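Inspection log for the structure reproduced underneath, given as structure tokens.
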Amino acid sequence: MMQKNIDNRRHDKRLHLPDLQIKVRPNGANNSDFIDCTPLDVSLNGLAFSSKDLILELLQKIDIRFSIGHKMIEGSAVICHIESQHSGVRYGVLYLDIHPSLEESFSLGSLSSNLVKSIAINMADNAVINSSKTGNEALLRKAQILLFDAIEGFRDRLGSLLAETADEQGNPFKLGSLFEFSPNTLSVTIPLRGPKGDLIRRTVSPVISNSNIVYEADDGSQFASIIDVLQELSDTFEWILSEKN
């Protein structure tokens with residue numbers, strides 16, 4: 000593994016922020032497009048990213064653009080750390096001149112409730128993921144968090160749309176009892192249409208299969224992605240609602 004660095008590296012606290020996007024190009028290459036990079040972390044004095052496309056040198060100046068939510072920050076930086084990894088080359092940089100600064104971006108007058116909540120959720124997620132003892136455990140934890148967020152979002156949105164809907168007995172259509180979240184087992188229990196045209200509840204958990212994360216139900220069936228789980232849920236409720244009409 001190749002690793003290069005200079006003594007003047009970042010020593011300030013790394014921040015793992017939501018919706019972080021980083022674009023980079025060599026300094027002075029004004030006619031070149033910025034290249035999308037994989038964000039790793041950001042701090043008050045610098046940031047880290049990885050890339051399979053960029054070839055940069057130690058102490059090389061670069062132009063950077065990065066956004067946190069709707070906040071755009073741009074300027075110049077210098078490469079202070081290079082490390083070859085399986086997923087690409089990791090670069091650490093120190094800012095030379097950026098506008099606005101992170102201090103300005105996170106000042107009281109610049110923050111909103113939505114941004115603060117988003118940052119808080121992201122940092123809580125990272126606390127759970129980074130506490131994992133192995134890489135596979137970290138992957139499963141991240142998959143669990145995304146699964147919980149997806150199902151919670153589906154349930155809440157459906158609940159707001161069906162707030163005035165009633166069942167056959169005239170009672171409000173209640174969704175809460177159909178969904179169950181179990182952090183201890185990394186699983187969610189959801190209603191799905193069964194093979195016999197009946198409504199059944201399946202417990203779905205992230206598992207590792209052939210080095211990939213998939214979502215497995217308690218009957219052994221698998222979903223390749225969260226999108227597949229959500230589509231199955233959507234199909235189920237389309238069937239439920241069409242039966243009521």
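In terms of numbering that gives the first Met the number 0, the sequence shown has 106 at position 107, counting the first letter as 1, and numbering is strictly consecutive.
By construction, the Cβ of each residue, glycine as well, lies at the ideal position given by its N, Cα and C atoms.
Only a predicted model underlies this, so the values are computations on that prediction, with no experimental measurement involved.
query                                                                                                                                                                        : result
Could you give the residue range of the beta strand (DSSP E) that holds residue 141?                                                                                         : Where residue 141 is concerned, there is no enclosing beta strand (DSSP E), although the alpha helix (DSSP H) it sits in stretches over 134 to 160.
Find out if the Cβ-Cβ distance for the pair residue 54, residue 74 is shorter than 8 Å.                                                                                      : no
Could you check how far apart the C-beta atoms of residue 185 and residue 204 are, in whole angstroms? I think they sit under 8 Å.                                           : 5 Å
Determine the direct distance from the alpha carbon of residue 61 to that of residue 99, and round the result to whole angstroms.                                            : 17 Å
For residue 28, count neighbouring C-beta atoms within 10 Å of its own C-beta (all shown protein chains included) and say buried if the count is 16 or more, exposed if not. : exposed
On the DSSP bridge assignment, give the partners of residue 211 in chain order.                                                                                              : 208
Can you look up residue 76 in the DSSP assignment and give me helix, strand or coil?                                                                                         : strand
Using the Cα positions of residue 202 and residue 142, report the straight-line distance between them to the nearest angstrom.                                               : 15 Å
Quick check on DSSP: helix, strand or coil for residue 230?                                                                                                                  : helix
Counting Cβ pairs closer than 8 Å, one from the segment 8 to 18 and one from the segment 34 to 51, do we hit at least three?                                                 : yes
With a threshold of 7 Å, establish whether the CB of residue 80 neighbours any heavy atom of the ligand ZN.                                                                  : The ligand content of the structure shown is nil, which means the ligand ZN is not present either.
Using the beta-carbon count (16 or more within 10 Å), is residue 182 buried or exposed?                                                                                      : exposed
Taking the Cβ atom as the reference point for each residue, do residue 235 and residue 190 lie within a distance shorter than 8 Å?                                           : yes
What are the boundary residues of the beta strand (DSSP E) that residue 130 is part of?                                                                                      : Per DSSP, residue 130 belongs to no beta strand (DSSP E) and is neither H nor E.
What runs of the beta strand (DSSP E), each 3 residues or longer, lie entirely inside the segment 15 to 81?                                                                  : 19 to 25, 34 to 41, 45 to 50, 60 to 67
Could you tell me whether the segment 126 to 139 touches the segment 86 to 94, using the rule of 3 or more Cβ pairs below 8 Å?                                               : no
How far does the alpha helix (DSSP H) with residue 93 in it reach, from first residue to last?                                                                               : Residue 93 -> not in any alpha helix (DSSP H); beta strand (DSSP E) instead, spanning 87 to 98.
Strictly by DSSP, which residues pair up with residue 179?                                                                                                                   : 188
So for residue 223, helix, strand or coil by DSSP?                                                                                                                           : coil
To the nearest angstrom, how far is it from the Cα of residue 156 to the Cα of residue 80?                                                                                   : 44 Å
Are the CB atoms of residue 87 and residue 49 within a distance shorter than 8 Å?                                                                                            : yes
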